[in-house]
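Colleague:
Chains as they are written, first to last, in this note's numbering: chain A, 1 to 380; chain B, 1001 to 1729.
#1: For the region 310-333 of chain A, list every residue whose C-beta sits within 9 Å of some C-beta in chain B, in sequence order.
#2: Taking the beta carbon of residue 1184 (chain B) as the centre, do at least 16 other beta carbons fall within 10 Å, making it buried, or is it exposed?
#3: List the residues that DSSP assigns as beta-bridge partners of residue 109 (chain A).
#4: Where residue 1301 (chain B) and residue 1537 (chain B) are concerned, what is the direct C-alpha to C-alpha distance, given to the nearest angstrom?
#5: Between residue 357 (chain A) and the rest of its own chain, which residues show a CB-CB distance below 7 Å, the 5 nearest in sequence each way excluded?
#6: Residues of the region 255-268 of chain A in Cβ contact with chain B at a cutoff of 8 Å, in chain order, please.
#7: Three or more C-beta pairs closer than 8 Å, one from the region 1286-1302 of chain B and one from the region 1157-1167 of chain B: is that the case here?
#8: Give the straight-line distance between the Cα atoms of residue 1168 (chain B) and residue 1150 (chain B), rounded to the nearest whole angstrom.
#9: For residue 1376 (chain B), count neighbouring Cβ atoms within 10 angstroms of its own Cβ and tell me buried if that reaches 16, exposed if not.
#10: Does the distance from the C-beta atom of residue 1126 (chain B) to that of residue 1113 (chain B) stay below 8 Å?
#11: Smallest Cα separation from residue 1105 (chain B): which of B:1121, B:1124, B:1086, B:1130?
#12: Give me, in chain order, the residues of the same chain whose beta-carbon lies closer than 6 Å to that of residue 1359 (chain B); leave out the 5 immediate sequence neighbours on both sides.
#13: Would residue 1577 (chain B) pass as a contact of residue 1566 (chain B) if the rule is Cβ separation under 8 Å?
#14: Evaluate residue 1514 (chain B) with the Cβ neighbour count: other Cβ atoms within 10 Å of its Cβ, from every protein chain shown; 16 or more gives buried, anything less gives exposed.
#15: Counting only Cβ pairs nearer than 7 Å, list the residues of chain B close to residue 138 (chain A).
#16: Using a Cβ-Cβ cut-off of 6 Å (strictly less than) and excluding sequence neighbours within five positions of residue 1685 (chain B), which residues of its own chain qualify?
#17: Residue 1561 (chain B) lies in the beta strand (DSSP E); which residues open and close that run?
#18: Along the chain, which unbroken stretches of the alpha helix (DSSP H) at least 4 residues long are found entirely within the region 1519-1582 of chain B?
#19: Give me the DSSP bridge partner(s) of residue 1099 (chain B).
#20: Please confirm whether any heavy atom of the ligand ATP lies closer than 7 Å to the CB of residue 1209 (chain B).
#21: Please report the straight-line C-alpha distance between residue 283 (chain A) and residue 108 (chain A), rounded to a whole angstrom.
#22: Write down the C-beta distance between residue 1417 (chain B) and residue 1468 (chain B) rounded to the nearest angstrom, noting that I regard them as a contact closer than 8 Å.
#23: Between residue 1038 (chain B) and chain A, is there a C-beta pair that is closer than 8 Å?
#24: What three-state label does DSSP hand residue 1042 (chain B) in the structure shown?
#25: Along chain A, which residues have their Cβ under 7 Å away from the Cβ of residue 1068 (chain B)?
#26: Residue 1733 (chain B) versus chain A: which residues are under 7 Å apart at the beta carbon?
#27: Taking contact to mean at least 3 C-beta pairs separated by less than 8 Å, is the region 1016-1033 of chain B in contact with the region 129-146 of chain A?
#28: With a threshold of 8 Å between beta-carbons, can residue 1057 (chain B) be considered close to chain A, or not?
#29: What whole-angstrom Cβ distance do residue 1332 (chain B) and residue 1384 (chain B) have, given they're in contact under 8 Å?
#30: Can the beta-carbon of residue 1254 (chain B) be found closer than 8 Å to that of residue 1077 (chain B)?
#31: Could you say which of B:1547, B:1397, B:1233, B:1437 lies nearest to residue 1369 (chain B) if we only look at CA atoms?
#32: From residue 1548 (chain B) to residue 1542 (chain B), what distance separates their C-alpha atoms?
#33: Across the region 1471-1481 of chain B and the region 1500-1507 of chain B, are there enough close Cβ pairs to call them in contact, namely three or more that are closer than 8 Å?
#34: Taking Cβ positions only, does residue 46 (chain A) come closer than 8 Å to chain B?
#35: Please list the residues of the region 334-354 of chain A that have a C-beta atom closer than 7 Å to any C-beta atom in chain B, keeping them in chain order.
#36: Alpha carbon to alpha carbon, how far is residue 1212 (chain B) from residue 1199 (chain B)?
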């Protein structure tokens, strides 16, 4: 659509600009802008402390995404495994620092930059998995050799992240990896069996593997009324914010749930509720539409890819973005346990912004390769 | 195209060749599947959001409003209780107060200790508060302190962020200017109990600072006094910080209650009772207005309004003079000889000629039994008037034998004994007027001669409360069926029905005047006011058998009750009343109080002089003594008192139950012939009435004619004036 109007054939716009994937970039810009507005309100009607840094981060990570997008294919294929190993080492580093420092933490401090390796791990896993299935001979799909190394690639970082402990991020890592495995053509019944096993194991995990606070989140999710002032409070207040917004909302800067501090974390996890209270259902549908356009574009990029690596990479990156959006929105609407997963391009927070922009960068990169590659008529 | 599921399985089968194109196929199909799932979740989210924002919008908008807006009730100012001249008996005082709401406390003990330190509360008070917090339902506010000065209030207000669940506020607290003098009459206020809240789940009842009437008139007129609460709507944050006021509606003060009580007189009478335990009732003969219903010792209603402290409760409870009992309404006493004017009325109505005489030789023989007169030496020839002013028992024994019990019992009831009056009080005991039918029904025994004998001298089963005695005095004095009233908005009643013929009334008035002003039993009761003559009748009521006590000395609780009914001026009665002193040792404890109270009515300055002299002797006013006693008690026993009952109602139920038991005390001797007690000392001088020493009658009599033997040795006449036990039983 947009691509069509601004396509290379128009000639009015310079080719380098016209070549850019505007059907994805414009929704991303609009979302970021809208997110900035909501953060302005969440900051009590002020650019500080949230909105300004939100825009700055976006600008910085946009540049980073552009750099990623410009990477040549050969370099990416060479660097994939080293990058994966580097992030793995950083995750290990987090554990070591955490052990030494006495107490759990999730980030590493390198100079002025505080980096959260578990976030970077999400695209790294997707990259590594795509690379793995690219190099795996087609005939080995369905044998143990298509499964065990891939599981290892997922399980190592998952284990390290679980030790932090951060259940949500480790599930996000697994999600990206499993989507790649699924698209790589592994036998369907493996997934069905694994899913059944997971359902069977859920009670065991609940009782033996989860921490108390994690268990509380699950209980609250299943029965939100059980603790209206405790763990259920967040979800209840979020639903009140969304429901009280109605169709058109209470108006910009007029949300009482967020301004009077009833809504917890109005600028991070519950930024959607903050938005919905002030902008109503219309704001919510706008946000959903923007996400739909971004994900649609991501899927399209993946389907247009000519080879396994790029197709799987693009699909995995799209799935990672989708995971953030879906879990966050399900949570704020009371359909998933409360978990610290921010909403892409709207929540205030550098780590998730970086992850999402890496994914966007990877998608743009694949998109560029696709445009440069000669289009193949029939699949070889 | 084949179904993706059937195709998907193929690569898994061993031996099946998987090539790149099959994988590409699988990828295409599966990515459609994933896209569909994503789209589905997107639709689900949009639907869910539309549901929340449209279908449940109303519900969540309300919840968001109830989050945002905090409605605080402003307790209404309570209506004042005024005396007949509009002076407040109960008013409101602006003050600073602090309450805590238990369910909002995170660490109750720590918070209470902190408050205790800030407000310099006594350890016993802190212990009381902790116990209350532990017992209370979470939503019930508990008063920590009221009447704070501004510095203390400010000290708490600035620390509020650290003191969750603590509510300091400006408000009004109930104030009783005359304190313990009106304790029993007015009652007191306190925070509503959980039971009261259950009965009336009005959020006002659990608003910090709101008090409801707990006893007496405060309870009786709760509806009128309550008023309408104001409200304050504020916008608050989740942590309770107030952002701004949205709207404030002022409270509407409750209606005032205008009593017939004369405030200064009430206070005077209460103070005049002094160290004794008793009650004074004064009525206006022209309207039936109750001018004074004093009952002492009492409690300080001001200190009850923040809850009854355990030390305070222990002190009041340990006191055998039962400061928690309203003796005007719930004290039942054998009326003793105060019934004689009433019996005289009954005799006249039965046709007895008042001038007919009976010879009193110190006793009356009926059959083989002798019923003694209080004066064992006898009164000689006694007519009705002398029978009254000399309180000759033999005259009344003889005449009562003639007319029988029924006319006397009927007259007693007509005079108000055994009656309940339509007054706005929480409860009144109405005593007993015995007659043959009553005795048969209640005890299953025949009426005996000695029953009539006992009844005519106000002993035996006969019981009445001081209010009834006062009404009796008013009805005898006016001859009309005077009904008492307590509020000015009720109509005077009973003045259109004539109880007694005028000449009978004249006769009894004169005889009762002679009790005081003539050769009677209460010469010391003469009013120190020229041309104002008070009429009265003494009574001394025996409470235990002679084998236990002589009624004058020994353990306080075995001493005789002292009673006196009166009216003044005798020839044109304006005021009537009764004084009952529990275990005062005889009527000598009662009539000096009546004299001073009436003096105060006619000449307040003179009355006050008499009271001041006495209070100097007693060690201050009733309120000062109460406070001193409390301090001493708290110092001595403060640390190890047991907790009072949780509910005030229990306290007063217990008090009432005990009052009933106490009232039965004198019935234990009803099956004996009562030995009438010497009726006082007609000639004593007004300086000697120091009561409570058990020797009211010890003043040597500068004997007026038939000198009673009361003077030198009070014990003797009681001891041997009558012999009856041997012969009677």
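All residues carry an ideal CB built from backbone N, CA and C; glycine is no exception.
Modeller: This is what the structure holds:
#1: 311, 312, 315, 318, 319, 322, 325, 326, 329, 330, 333
#2: buried
#3: A:114
#4: 34 Å
#5: 61, 62, 64, 65
#6: 256, 257, 260, 261, 262
#7: no
#8: 11 Å
#9: buried
#10: yes
#11: B:1130
#12: 1381
#13: yes
#14: buried
#15: 1018, 1019, 1020, 1023
#16: Bear in mind that a pLDDT of 35 at residue 1685 (chain B), under 50, signals an unreliable position, so the number given afterwards is only what the model happens to contain. No residues qualify anywhere along the chain.
#17: 1561-1568
#18: none
#19: B:1143, B:1167
#20: Among the components of this structure there are no ligands whatsoever, and the ligand ATP is therefore not found.
#21: 36 Å
#22: 5 Å
#23: yes
#24: helix
#25: 256, 260
#26: For chain B, the structure presents residues 1001 to 1729; residue 1733 (chain B) sits outside this window and is missing.
#27: yes
#28: yes
#29: The pair is not a contact, with the Cβ atoms about 28 Å apart (cut-off 8 Å).
#30: yes
#31: B:1397
#32: 11 Å
#33: yes
#34: no
#35: 335
#36: 13 Å
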